[in-house]
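Residue numbers (the working numbering), protein chains in the order written: chain A, 1 to 416; chain B, 417 to 832; chain C, 833 to 1248; chain D, 1249 to 1664.
Just so it is clear, CB atoms sit at the ideal spot from N, CA and C, and this is done for glycine as well.
Worksheet for the structure shown next.
4 protein chains.
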Amino acid sequence: MQCNAYSCIGRECTAEENPVTERVVLAYSGGLDTSVAIGWIAEETGAEVIAVAVDVGQGGEDLDVIRKRALACGAVEAEVADARDEFADEYCLPAIKANALYMDRYPLVSALSRPTIVKHLVAAARKHGATTVAHGCTGKGNDQVRFEAGIAALAPGLKCIAPVRDYAMTRDRAIAFCEEKQLPIATTKKSPYSIDQNVFGRAVETGFLEDIWNAPIEDVYEYTSNPAAPREADEVIITFEQGVPVAVDGRPVTVLQAVQQLNERAGAQGIGRIDMVEDRLVGIKSREVYEAPGAIALITAHQELENVTVERELARYKRQVEQRWGELVYDGQWFSPLKRALDGFIDEANQHVNGDIRMTLHGGRAVVTGRRSESSLYDFDLATYDTGDTFDQAAAKGFIDIYSLSSKIAAKRDLT
Amino acid sequence: MQCNAYSCIGRECTAEENPVTERVVLAYSGGLDTSVAIGWIAEETGAEVIAVAVDVGQGGEDLDVIRKRALACGAVEAEVADARDEFADEYCLPAIKANALYMDRYPLVSALSRPTIVKHLVAAARKHGATTVAHGCTGKGNDQVRFEAGIAALAPGLKCIAPVRDYAMTRDRAIAFCEEKQLPIATTKKSPYSIDQNVFGRAVETGFLEDIWNAPIEDVYEYTSNPAAPREADEVIITFEQGVPVAVDGRPVTVLQAVQQLNERAGAQGIGRIDMVEDRLVGIKSREVYEAPGAIALITAHQELENVTVERELARYKRQVEQRWGELVYDGQWFSPLKRALDGFIDEANQHVNGDIRMTLHGGRAVVTGRRSESSLYDFDLATYDTGDTFDQAAAKGFIDIYSLSSKIAAKRDLT
Amino acid sequence: MQCNAYSCIGRECTAEENPVTERVVLAYSGGLDTSVAIGWIAEETGAEVIAVAVDVGQGGEDLDVIRKRALACGAVEAEVADARDEFADEYCLPAIKANALYMDRYPLVSALSRPTIVKHLVAAARKHGATTVAHGCTGKGNDQVRFEAGIAALAPGLKCIAPVRDYAMTRDRAIAFCEEKQLPIATTKKSPYSIDQNVFGRAVETGFLEDIWNAPIEDVYEYTSNPAAPREADEVIITFEQGVPVAVDGRPVTVLQAVQQLNERAGAQGIGRIDMVEDRLVGIKSREVYEAPGAIALITAHQELENVTVERELARYKRQVEQRWGELVYDGQWFSPLKRALDGFIDEANQHVNGDIRMTLHGGRAVVTGRRSESSLYDFDLATYDTGDTFDQAAAKGFIDIYSLSSKIAAKRDLT
Amino acid sequence: MQCNAYSCIGRECTAEENPVTERVVLAYSGGLDTSVAIGWIAEETGAEVIAVAVDVGQGGEDLDVIRKRALACGAVEAEVADARDEFADEYCLPAIKANALYMDRYPLVSALSRPTIVKHLVAAARKHGATTVAHGCTGKGNDQVRFEAGIAALAPGLKCIAPVRDYAMTRDRAIAFCEEKQLPIATTKKSPYSIDQNVFGRAVETGFLEDIWNAPIEDVYEYTSNPAAPREADEVIITFEQGVPVAVDGRPVTVLQAVQQLNERAGAQGIGRIDMVEDRLVGIKSREVYEAPGAIALITAHQELENVTVERELARYKRQVEQRWGELVYDGQWFSPLKRALDGFIDEANQHVNGDIRMTLHGGRAVVTGRRSESSLYDFDLATYDTGDTFDQAAAKGFIDIYSLSSKIAAKRDLT
């Protein structure tokens, strides 16, 4: 019998000796770190490693190439999944409906992909009888929490390990391991950039940006052109139904297509670059550079359509809900009971968010220039100062008297 | 005896007949509407009208010209006040500290000037023994509420009247009145724009924008150049102490100067244009176009400096406080007890907001490119992925276990 | 033809003269004020009046007696509806799920009945082609707003009138009218108490309580016995499913029965008396005395069952939602978009609120003494300090280190 | 030289051998666990232990007895502090002003004492040059977090250890250690109750209450009599100035005296018993029984005085602030930046909370029966339905029209 377990590479199969080997499902990217992790985990734990790669629109290599590499590096099984539509429909879309911008800026790019990946890891663990899930995160970032809190919420019985954090798998040691085991991975000098990307955006960290007085250079960006470069403006009309982007310039789109098309068009105009100091869940502040052209364009359009179609008090409360929703998701609580209940609120609030938003994409800015909606609450006859005005101005006096009464009574006391 | 009461214009003084004439203080702009209102109020009420003009940086005519016109139109007294520094220090500055953007967009331009003016109206009413305050607002906007709620909170005994709303002083009738009484005001064809402006920004309403599918045209803007016009970028460094902008490019400034200088520099780059559908306090949605280059540049810089210097939980809670603060001020509750208590929170949160923000002003965008602060909470040694990292990654595992415990326990129940 | 229009009482029918008479639907209680209002409205407006009486468990006269009195007083039609189950299921139940206590005290008794009544008024207006709805409220209370905001939200085309407020129908003038028209109503001296009651509770206002230093006397209470009177304690077990009370002491109940049974049992123990100074929507503070034995007992039980079955972060957020929900409903916004969206949140949060709560009812207090639930999140093995403890205490150290890191970093700065 | 270091007990002093011995400050209670901890820490770490006992009104032994016991158990130094007034003024009072009730029930008894003790530990560590602070908490409770987060915020350079959690100092092993070392502590069979108490209240945990279906028995209570026992009611008048209780029945009191006197009087009436399932910071639910007669009586009175003296919108917002304040303090964030900023809000809101509250204490209930205040916002003339009513009812119509306009417009859309 030929077994593919890491422990059997280069020698007689030991499957018979260890009839019940533990199994670990590893979140696999195809890169150096997680390729090495396959063997590293096997050595540390004696377990069989199952590699799972999930396509959330990060681009790059073919999934099948990645799958084969995992096996070549010692995985007993390797699964790949095209989760791009799932990611767009079930993770990016709720973020659009929530106008989710962590710290009023960041559209949660990585925070959205982690629960998507977690779902596939858990499914693979169930399918293959694994007891443990592994990921490649360090011990000081948010993603470790997003992975492990997600696992805890979907499969509370699974253990989690992280070789970088738990088994001291540093970059240098990983390269040494790779060379020693002759793994089929290039160990060329590391790029200066640490990147996480998916269809909703791209995050870049790099040494010189750790000095927060330094500005980013053009080189860090890939999804967006230089906004300062002269070019023609691009006008786009986005159509929403119940908060869902359903058409771009009149052509029906899936959510994935909406994000992709706007990535391209808004990206070409330099829209969606973000440079900020951010509060991590683990208590430190970090400097982050993102680009998310499609996400920013879609959220900008969605916000303005809400301005037109959502009643004032609902809109005001929704802003608070949006903030909490963004914090929860940033903090890795995608599968938490509170997140579910907030989703109920947000879906209800999006019930009437129907219509078209016209935007000019240009020079780094997505600017709304027009809105039309059959669900509009903007009432021309009430709003106009022209003839035809139907607003009853006589009511205002009584309104103001009673509206200001409680602080007027307080003033009588406080002014004496 | 020569009395200047409206009722005595062109005939024998009647002061002896009406020894105790009521007095009305009118918020006077120098324009047609409030110039006519002087006489209109006098005719409607028999009262003497005292005109009060307040300079909050709206530009335009000399204050003394305005004062003389008020007297020429029948005011028994006319007062003018240069309140530009007061407006900047006591009204714009708290808005900057609160990063106040109503509906995440509008920096409260008119909502900030109204309480400033109210304070001067109340002072004049006290000085001149007036029983009533008058303003030129219609019955369907926010400003009537801001005036009257402000008066109620500062001088609960004063009455409020609004000739346009309460005495049917329409535009056409005002022009007729003006011509009949030969008031020294040009009654040329009305500009298509209805404008309110001060040093913190400018609001424009006009008929064709009442169709919310129409885009604004360049003609509506005055504080800002066309962002799409090619020009050189402008780099600026803004220094804050305790949340207060105290220097621009190293040169000390007052708050007023900071706003003025950034109006000019950010305005020249087309920054600060806002086009939105907005929820008015009186229950309707309206379409508003604003430009506020200095305000947007200052708030953008202040937000990022807070990202660097304010602790996470405080920053998260402050976002909610900011939203409520903006709604309160928009809603005319500047002098309310809740506003005062929120100010206490905001001032405390700005205690350590010290340092420099470097921004690139260009193409309609104010982009932060650097931050430095002696009060920074960004800790390079904790944040870096380089050698010298002091973050204890071993703690993360325990953190995640307990951090995710409550939703893990819920998951055990909910997944069965 | 015999027409029953008010204008035809005691003389030849005039229906032929006024072929299209306007119709007004009146919220009718059967008491003096609304009986007089039938004729008063007819005289003021020339309209036909349709009386609608809704039973929300207020007790008192038979509905048929009330119906006949309305006709005798000049109503052209009179409708009565037993809405007790509807009131309990659709209005009281959401309040229980929301643990709704305005200002942490008042279970919204009247605020819940008004939207119930509004729904019946609107249905009657539709059925009878009425253009206007009338109610008996004064101009300084909350109920006028609840009626009219409810009407606006369910039938924005209907007008609203209130004879007491709009047509100066004072008590004295009502009595005079009654006597003059010989209406079949006793005009005996008015009770010193102004009462509104339904199955969820009872509100009492009276002159001597307007001095807020005065204590209520036993005489004001009707739903509750004196809590200080010695008696045996009563133990009750209430069973909830998804937040709905479904059994009392193991016997299945409707929501109405749950409220009724607990009114009786908790009322007998003096539970649910409330005496408070309250912030009215119209801007004044008023002194209110309520009794709501069933409501308080059910909410107390429901709260504790949530403590057992709702995850912490969801529970914390729900408290804020509950507060806003209570304010909205108090403020007459039952049919508002925000209320609907909050209901979505609350229903989701009640998904797992299943189980039994044992309470001791005694001496004015409803005290929870036991809870059991198959949906419990209380985990004995994690909570116990005994042998069998499964809590991993080693994780705590790492948790605390990271949990306190952001304020620790701030401390390093702030302490220097 | 005679040194008192643990390591020198019973043998030649070794101070010369270890000229720079590390020092640990231990939060010392005088009981078995922390007495053993003195030696246990010394053995585990080789450090000198300085015992610090803080009197926060927990009663029990004389401080000097406790001090001597610490020395007899091997402490090199022992400090005791009467912090009762400090605890009342600086910790209990802010909780009263915040009406702080975690989960609407628990007045934060232990959560308030921990930061008080932390302050004394830090001061002692500074004075004695200690590098570490130790406490007796387990690894699954809140108090470990409160101690360590407090230390992190006041002295970020100090380390924290907890022998029970970190050095496996179980109860049985502690008793064995005690007997082996012949420490002067009774090792009689442990009480079934685990108790934490101070002047603001008392917390009791015990095995049979870990079954949440079991009711507490009278035996668990010490601060409160049985509320069901027949006795005379007690009437009390509490006077507040700016939210501070300053007199009881007209006699001036310190905050400490106010709490003590109401502990006695409300305790005698069985007031302040709390039995709840509670969400711990460490993610589990636990069953807690508390008694806090003085705290509950004072908060009840303070709440109602706020109802009378705080303007509506401020009061509504303060409820949210109170909830967050209570959660923060429960969660051990007393010294955090957010807590400080919320205190600013709360102090401002208490500015006018002046006046008298009359309460009846009886049968387990503290019932407000009267309020009077020179800062009252209750306006009899506006509130009364009697002659003298000054409320302008005519304003109501206009108010309601505009107040309900935004949801009316939404209704027009949603109903079609």
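query                                                                                                                                                                                                : result
Buried or exposed: F593 of chain B, going by 16 or more other Cβ atoms within 10 Å of its Cβ?                                                                                                        : buried
In chain order, what residues of the same chain have a beta carbon less than 7 Å from the beta carbon of Y1122 of chain C, not counting five sequence neighbours either side?                        : Y938, V941, G1033, R1034, A1035, I1106
Does A1061 of chain C come out as helix, strand or coil in the three-state DSSP assignment?                                                                                                          : coil
In the DSSP assignment, what residue or residues form a beta bridge with A966 of chain C?                                                                                                            : C:L858, C:I993
Could you check what DSSP says for N1347 of chain D in three-state terms: helix, strand or coil?                                                                                                     : coil
Suppose contacts are defined by Cβ-Cβ distances below 7 Å. Is A550 of chain B in contact with I457 of chain B by that definition?                                                                    : yes
List, in chain order, every chain C residue whose beta-carbon is nearer than 9 Å to that of G408 of chain B.                                                                                         : A query on residue 408 of chain B cannot be resolved here, the shown segment of chain B reaching from 417 to 832 and no further.
Could you give the DSSP three-state label for V1284 of chain D: helix, strand or coil?                                                                                                               : helix
Quick one: what's got a C-beta closer than 6 Å to L256 of chain A's C-beta in the same chain, skipping five residues either side?                                                                    : R84, D85, A88
From the DSSP output, read off the bridge partner residues of Q1029 of chain C.                                                                                                                      : C:R1034
One question on the structure: do D392 of chain A and I237 of chain A come within less than 7 Å of each other, judged by their Cβ atoms?                                                             : no
When the distance is taken between beta carbons, is E854 of chain C closer than 7 Å to T963 of chain C?                                                                                              : yes
What would DSSP say about F1072 of chain C, mapped onto helix, strand or coil?                                                                                                                       : strand
Which residue's Cα is closest to the Cα of K813 of chain B: A:A98, A:I50, A:R146, A:G46?                                                                                                             : A:R146
Helix, strand or coil: which one does DSSP assign to A75 of chain A?                                                                                                                                 : coil
Helix, strand or coil: how does DSSP classify K972 of chain C here?                                                                                                                                  : coil
Only counting the same chain, and skipping five residues up and downstream in sequence, which positions put a Cβ closer than 6 Å to that of L71 of chain A?                                          : A78
Which residues of the segment 690 to 714 of chain B have a Cβ closer than 9 Å to any Cβ of chain A? Give them in chain order.                                                                        : D691, M692, V693, E694, D695, R696, L697, V698, G699, I700, K701, S702, R703
At a CB-CB cut-off below 9 Å, which residues of chain B make contact with H1184 of chain C?                                                                                                          : A826, R829, D830
CA-CA distance, I161 of chain A and G59 of chain A?                                                                                                                                                  : 26 Å
Our contact map puts L342 of chain A next to V321 of chain A with C-beta atoms below 8 Å; I'd like the distance itself, whole angstroms only.                                                        : 6 Å
Check whether the segment 359 to 370 of chain A and the segment 1074 to 1086 of chain C touch, using three or more Cβ-Cβ pairs below 8 Å as the test.                                                : no
Around the C-beta of F624 of chain B, are 16 or more other C-beta atoms found within 10 angstroms, so that it is buried, or is it exposed?                                                           : exposed
By the 7 Å beta-carbon criterion, what residues does the segment 1400 to 1411 of chain D contribute toward chain B?                                                                                  : none
Could you give the DSSP three-state label for K1013 of chain C: helix, strand or coil?                                                                                                               : coil
Report the start-end ranges of each alpha helix (DSSP H) in the segment 1089 to 1156 of chain C that is 4 residues or longer and not cut off at the edges.                                           : 1125 to 1141
What residues match up with T360 of chain A in a beta bridge as DSSP calls it?                                                                                                                       : A:E235, A:V367
Whole-angstrom Cβ separation of W1573 of chain D and I1544 of chain D, contact assumed at under 8 Å?                                                                                                 : W1573 of chain D to I1544 of chain D, Cβ: 17 Å. No contact.
Starting from the Cα of I806 of chain C, find the closest Cα among C:A907, C:P926, C:R1204, C:E1180 and give me that residue.                                                                        : In the structure displayed, chain C extends from 833 to 1248; residue 806 of chain C sits before or after that span and is not available.
Once the 5 residues before and after F240 of chain A are set aside, which same chain residues still bring their CB inside 7 Å of it?                                                                 : V246, H302, L305, V353, N354, G355
Going by the DSSP bridge assignment, what does R372 of chain A pair with across the sheet?                                                                                                           : A:D356
By how many angstroms is the C-alpha of S702 of chain B removed from the C-alpha of M833 of chain C?                                                                                                 : Residue placement at M833 of chain C is flagged as unreliable, the pLDDT there being 36, under the threshold of 50; the coordinate-derived value follows with that caveat. Cα to Cα, the separation comes out at about 53 Å.
Identify, in the order they occur along the chain, each residue of the same chain with its Cβ nearer than 8 Å to the Cβ of E634 of chain B, setting aside the five sequence neighbours on each side. : N642
How would you label A421 of chain B, buried or exposed, when you count the other beta carbons within 10 angstroms and need 16 or more for buried?                                                    : Low per-residue confidence applies at A421 of chain B: pLDDT is 43, beneath 50, and the placement is therefore not dependable enough to give any value.
With DSSP as the reference, identify every bridge partner of V1080 of chain C, one or two as the case may be.                                                                                        : C:I1070, C:R1083
Determine which residues share a DSSP beta bridge with Y106 of chain A and list them.                                                                                                                : A:Y102
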